[in-house]
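Participant: Mapped onto mature numbering (1 follows the signal peptide of the UniProt record, and there is no 0), the consecutive letters of the sequence shown carry residue numbers -30 to -1, 1 to 139.
Built from N, CA and C at the ideal position, the CB exists for glycine as well.
This structure is a prediction, so every number in the text was calculated from the model and none was measured.
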Amino acid sequence: MTTAVNRRFRRSALAGAVLATVLGGGAILAACGTGGDGGSGDRAAAGPAKLSVADPYIPLPPAGGMGAGYLTVRNDGGPDELVKVSSPEAGSVTMHRSTASTMEQVDSLDVPAHGTLRLARGGTHLMIMDWQKAPALGDELELDLTFAKSGTISVKVPVKELTYRPGQS
């Protein structure tokens, strides 16, 4: 009888060990993630977006004309989306995407988790129209960037010479 009890105990212990191994391995795989971003897992679960704006500028537009705006939104958190841009000093600010042959207005722009949204010449940019006063070199235009999750960030964007490029002297 003792032998039958020992066999049942061993089978139960073995089944418990196998179950623990399977569950533990599944937890490890879930923690590691299987995202296609080089093994960093699902960063969408990284919490709220942590946004900052760098290198904003507006090249001096022609007199009475529309201007373009450029900047970089850095995100050290979860994903977000730029859904609106406005200015108390301009009648209209719209978001555009340029391709090789066209420019199209877009309703929103993604700000990836732990990434950047770069608005730059020849690509995604802002179009600023109906200025309250003609801009001059050195002026600053307030832009209010509204994000789907993070709310609104106000930035002062300097008007630079037409040939200005950030990071170049």
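Just to confirm the assignment, what range does the beta strand (DSSP E) spanning S62 have?
Facilitator: 60 to 68
Participant: For the beta strand (DSSP E) containing S120, list its first residue and its last residue.
Facilitator: Premise fails: S120 is in no beta strand (DSSP E) and is neither H nor E.
Participant: Less than 7 Å between the C-beta atoms of L132 and P32, yes or no?
Facilitator: In this structure, P32 does not lie closer than 7 Å to L132 by Cβ.
Participant: Pairs of beta-carbons, one from the segment 118 to 133 and one from the segment 63 to 72, closer than 8 Å: are there three or more?
Facilitator: Touching, no, given that fewer than three Cβ pairs across the two stretches are closer than 8 Å.
Participant: Can you tell which of G61, H84, G108 has the C-alpha that lies nearest to the C-alpha of D46?
Facilitator: H84
Participant: Could you pull out every residue in the same chain whose Cβ sits closer than 6 Å to the Cβ of P105, ignoring the five residues on either side in sequence?
Facilitator: V129
Participant: Check whether the Cβ of A70 lies closer than 6 Å to any heavy atom of the ligand GDP, and answer yes or no.
Facilitator: Ligands are entirely absent from the displayed structure, and the ligand GDP is therefore not among its contents.
Participant: For D12, does the three-state DSSP call read helix, strand or coil?
Facilitator: With a pLDDT of only 47 at D12, under the threshold of 50, the placement of this residue in the model should not be trusted; the figure read from the coordinates follows. Three-state DSSP puts D12 in coil, outside helix and strand.
Participant: Bridge partners for Q75 per DSSP, in chain order?
Facilitator: H66
Participant: Would DSSP call P26 helix, strand or coil?
Facilitator: Correct three-state label for P26: strand.
Participant: Okay, do the segment 111 to 128 and the segment 49 to 57 touch, 3+ Cβ pairs below 8 Å being the bar?
Facilitator: yes
Participant: So what does G37 bridge to, in DSSP terms?
Facilitator: I98
Participant: Which residues in the same chain as E51 place their Cβ atom closer than 8 Å to its Cβ, once the five residues preceding and following it in sequence are excluded?
Facilitator: S78, L79, D80, V81, F117, A118, K119
Participant: By DSSP, does S56 sit in helix, in strand, or in coil?
Facilitator: strand
Participant: Which residues in the same chain as D109 place their Cβ atom closer than 6 Å to its Cβ, once the five residues preceding and following it in sequence are excluded?
Facilitator: Scanning its chain for C-beta atoms nearer than 6 Å, with the 5 sequence neighbours on each side dropped, one finds around D109 the residues V129, in chain order.
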